[in-house]
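To start, the structure itself, in structure tokens.
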Amino acid sequence: MGIIDRLKYQWATGSMLVKLIFINIAVFVVLHIVTLVLMFAGISANTVLQEVELPSYLPAILERPWTIITYMFAQYDLFHILFNMLWLYWFGVIFLLADTSKRMLALYIYCGLGGALLFITYYNAMDMRGLLIGSSASVIGIVTATAIRHPDYKMGLLFIGEISLKWLAVITIAIDMFSIGGSNAGGHVAHIGGAIIGAVYAVAQKKGFDITRPFNSLLDGASNLWKRLSAPRKKAGPASKGATTNRHDDEATLDDILDKVKKSGYGGLSKEEKQKLFDVSRRIKR
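Numbering (the working numbering), first residue to last: 30 to 315.
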């Protein structure tokens with residue numbers, strides 16, 4: 030199997046975490062290829078970047094409204110994307126232990142929007158102009174949500190050893206707050222905006238309220254409409270009914286386990302329940 034076929038397979042079978050990482054890397058590569066081609070034509074890289082970066086200046090946002098979404102999937106610096114994707118992967122794996130891919134996508138978008146809103150508000154309140162690029166707000170939001178839902182889950186860090194997620198989140202947010210006066214004030218402000226949304230999501234989940242439900246309902250409706258319009262009509266047979274029943278059983282099992290996680294935490298699950306959670310989540314995400 031060639032590298033292209035492997036990538037296609039990983040995309041087709043991977044969770045939303047894998048897809049988000051793929052999208053970020055793909056945008057990074059495309060940005061560099063396009064800017065390299067333009068450089069040989071004597072055109073500045075800013076010509077491309079301004080189409081994906083989020084400006085703080087309100088008239089500029091009205092001219093390029095799509096940047097409210099594109100900025101959160103775009104990185105141009107190698108270390109920027111490396112850091113963001115590592116954190117997204119580490120915390121995303123833990124997030125998916127007790128949550129779904131659909132909620133991860135919605136939370137990623139929500140946190141990105143929260144970061145954008147705080148960035149725009151702060152810069153306009155301070156009468157400053159700036160540009161925002163990178164998935165950091167979305168990633169920090171997922172980090173915060175994961176840390177609140179699994180506060181005592183420990184992660185091993187090089188030269189430091191094991192540290193609880195709650196302390197990792199606290200240290201990260203503290204660094205952002207103390208760095209607002211620096212050269213990358215906009216980025217740190219956006220991180221805090223993403224963290225706020227991540228915290229709201231996690232607290233709401235613990236109380237049994239899912240703030241991503243409207244987004245996912247809208248997405249499901251659009252997806253179902255597209256399938257009805259694009260796919261030929263097929264008569265449902267016994268196999269289709271059986272597949273539907275099996276999926277319903279899996280979702281019911283997942284809901285039961287997640288209810289226990291909400292009450293007693295992930296550590297309260299037995300070894301069998303943890304394995305069942307992994308197996309069922311994997312089947313549903315396919």
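Cβ coordinates follow ideal geometry from the N, Cα and C atoms, glycine included.
For residue 208, no alpha helix (DSSP H) run applies, since DSSP gives it neither H nor E. Going by DSSP, residue 144 is part of the alpha helix (DSSP H) stretching over 130-154. The segment 87-123 contains, as complete alpha helix (DSSP H) runs of 4+ residues, the segments 87-92 and 96-99 (chain order). Residue range 32-42 is occupied by the alpha helix (DSSP H) that includes residue 33.
One Cα belongs to residue 231, the other to residue 75, and the distance between them is close to 37 Å.
In the structure shown, residue 177 falls within a helical segment according to DSSP collapsed to helix, strand and coil.
The C-alpha of residue 197 lies about 31 Å from the C-alpha of residue 282. In the three-state reduction of the DSSP assignment, residue 165 falls in the helix class. Straight across, the Cα-Cα distance linking residue 119 with residue 209 is about 26 Å. Comparing alpha carbon positions, the residue from 101, 170, 203 and 135 closest to residue 53 is 101. Sequence-distant Cβ neighbours of residue 131 in its own chain, meaning closer than 6 Å and more than five residues away, are 245. The Cβ neighbour count for residue 257, taken over all protein chains shown within 10 Å, is under 16; the residue is labelled exposed.
Of the candidates 145, 186 and 194, the residue whose Cα lies closest to the Cα of residue 216 is 145. For residue 184, there is no enclosing alpha helix (DSSP H); the residue is found in the beta strand (DSSP E) stretching over 183-186. Around the C-beta of residue 39, fewer than 16 other C-beta atoms lie within 10 Å, and the residue is accordingly described as exposed.
Where residue 50 is concerned, there is no enclosing beta strand (DSSP E), although the alpha helix (DSSP H) around it starts and stops at 45-69. DSSP, read as helix, strand or coil, puts residue 189 in coil. Measuring C-alpha to C-alpha distances from residue 142 to each of 126, 114 and 96 identifies 96 as the nearest. Pairing residue 174 with residue 114, the inter-Cα distance amounts to about 17 Å. The segment 55-64 makes no contact with the segment 167-186: fewer than 3 CB pairs, one atom from each, lie closer than 8 Å.
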